[in-house]
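One structure is given here, and the rest of the page talks about it.
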Ligand SMILES: Cc1ncc(COP(=O)(O)O)c(C=O)c1O
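Rendered as structure tokens:
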């Protein structure tokens, strides 16, 4: 059986061949523990981890010692949020400000902290066409105060791809002395991300959304005067400056480093190509089908993300007709139960039936124009059939 055309790049991305090559070499020849300081196996492992740390840092204009390796973005988000809250010394700062459309890896730790005496505040999304899916600056400004401990706003949304004005929000948070975290999982490697320019204190990312391996990610932690104080989640051997104990995943970290190096070298070209292909896909679908609407504003949006609502279509039936030919998703597949309704689409104001008529198509580095044309034909034929 030939595999379906892969249009689910917001869920995960295929490994870049150069990443596979680098990781294979580590698995075959460099099995040392990066903490073994008594022999060359350990020295070499530590050296390649350091090179990867420099690559990861460089992609986001951070310093290598501001990077803590984790098992992915879920852990990075948990470390950022729980880590700051559990270390907080000022009892007057109990507000945790976030947004309704965040990933569960942000919403769940925030909810968890409610039971520990913190006060979650969830901002809504704007629903006017031009700013559809964005957070209003004024409502953010009104919600931050000297009671705010931490703000967490994602850079690019995993379901609808809209890009929030993180620079503005981080600066407002800073005026009030609050820590600012961004979940940049969907953005790093897919659009320019510069921690210094954004002014964030903490930033989460993961390798498997940028053609690297699963099971490895990072938390950027600003250094210097504004370095947030944090308590680790995992205690043990004191790795990663005692913020994340556990033997380092050397092959994964090396793969992550190579993925970052490639992303940096090809960012502009990848973005341009992927944006053109995504626009082609949307134009073809909207040309051949009536009532196809984009969920969330088209600008500013992550190149490659297309979340559409196809009026009157039950996407479970659509999947039944198409999913052996085109791979895409009906909601955030990075959640373990991908059949549950989408809290992100609900935050956009979509009714239940509109949510059930929505699909997410994710174009990536390895998508070709022929695949876009074939996929739009397959989807169009299936929708026409279902509408008969
Ligand atoms: C925005 C966002 N945050 C967090 C995660 C979780 O990342 P990971 O799979 O590395 O734990 C994902 C996707 O899975 C995501 O899209």
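Residue numbers (the working numbering): -3 to 384. Glycine residues also receive a C-beta, built at the ideal position from the N, C-alpha and C atoms.
- Annotation for residue 7: no beta strand (DSSP E) segment contains it, and DSSP assigns it neither H nor E.
- If the five residues before and after residue 243 are omitted, its C-beta is found closer than 8 angstroms to the C-beta atoms of 29, 30, 31, 233 and 235, all from its own chain and listed in chain order.
- According to DSSP, residue 376 shares a beta bridge with no other residue.
- Residue range 198 to 202 is occupied by the beta strand (DSSP E) that includes residue 200.
- For residue 146, the pairing in a beta bridge is given by DSSP as 92 and 175.
- Taking every protein chain shown into account, the CB of residue 35 has fewer than 16 other CB atoms within 10 angstroms, so this residue is exposed.
- For residue 356, the enclosing beta strand (DSSP E) covers residues 354 to 358.
- In this structure, residue 191 sits away from residue 301, with a CB-CB distance that is not shorter than 8 angstroms.
- Within its own chain, the residues whose Cβ lies closer than 6 angstroms to the Cβ of residue 73, once the five positions on either side in sequence are excluded, are 101, 102, 179 and 200, listed in chain order.
- Secondary structure within the stretch 36 to 79: the beta strand (DSSP E) runs of 3 or more consecutive residues, fully enclosed, are 63 to 66 (chain order).
- Look at the beta carbons and you see the stretch 115 to 125 not touching the stretch 163 to 179: under three pairs across the two are nearer than 8 angstroms.
- Listed as beta-bridge partners of residue 187 by DSSP are 184.
- When distances are taken from the beta-carbon of residue 339 to the heavy atoms of ligand 1, even the shortest one reaches 7 angstroms or more.
- Per DSSP, reduced to three states, the secondary structure at residue 323 is strand.
- For residue 348, the three-state secondary structure derived from DSSP is helix.
- Judged by DSSP in its simplified three-state form, residue 297 adopts strand.
- The Cβ neighbour count for residue 320, taken over all protein chains shown within 10 Å, is under 16; the residue is labelled exposed.
- By the CB criterion at 8 angstroms, residue 317 and residue 378 fall inside the cutoff.
- A contact between stretches requires three or more CB pairs, one per stretch, nearer than 8 angstroms, and the stretch 222 to 230 meets this requirement with the stretch 63 to 80.
- Cβ-Cβ separation between residue 62 and residue 217: approximately 6 angstroms, consistent with a contact (criterion under 8 angstroms).
- Less than 8 angstroms separates the beta-carbon of residue 253 from that of residue 51.
- Excluding sequence positions up to five before and after residue 145, its CB lies within less than 8 angstroms of the CB of 80, 81, 84, 86, 89, 90, 91, 92, 114, 174 and 175, all in the same chain and listed in chain order.
- Around the beta carbon of residue 209, a 10 Å sphere encloses 16 or more other beta carbons of the protein chains shown; the residue is thus reported as buried.
- At the C-beta level, residue 322 and residue 44 stay beyond 8 angstroms of one another.
- Residue 23 counts as exposed, since fewer than 16 other C-beta atoms from the protein chains shown sit within 10 angstroms of its C-beta.
- Going by C-alpha positions, residue 104 is about 36 angstroms away from residue 372.
- Counting every other CB atom within 10 Å of its CB across the protein chains shown gives residue 256 a total of 16 or more, marking it as buried.
- Segment contact: the stretch 359 to 368 against the stretch 305 to 315, fewer than three CB-CB distances shorter than 8 angstroms; contact not assigned.
- CA-to-CA, the gap between residue 260 and residue 55 works out to about 6 angstroms.
- Ligand 1 never approaches residue 369 closely enough for any of its heavy atoms to be under 7 angstroms from the residue's Cβ.
- Restricted to the stretch 189 to 249, the beta strand (DSSP E) segments that are unbroken, complete and at least 3 residues in length are 198 to 202 and 213 to 217, listed in chain order.
- Across the structure, residue 140 and residue 168 are spaced so that their CA atoms are roughly 8 angstroms apart.
- Taking 8 angstroms as the cut-off, the beta carbon of residue 6 is found closer than this to the beta carbon of residue 182.
- Each of 324, 142, 65 and 263 was checked against the Cα of residue 0, and the nearest Cα belongs to 324.
- Nearest C-alpha to residue 132 among 142, 303, 94 and 193: 94.
- Taking the CA atoms as reference points, residue 206 sits about 7 angstroms from residue 184.
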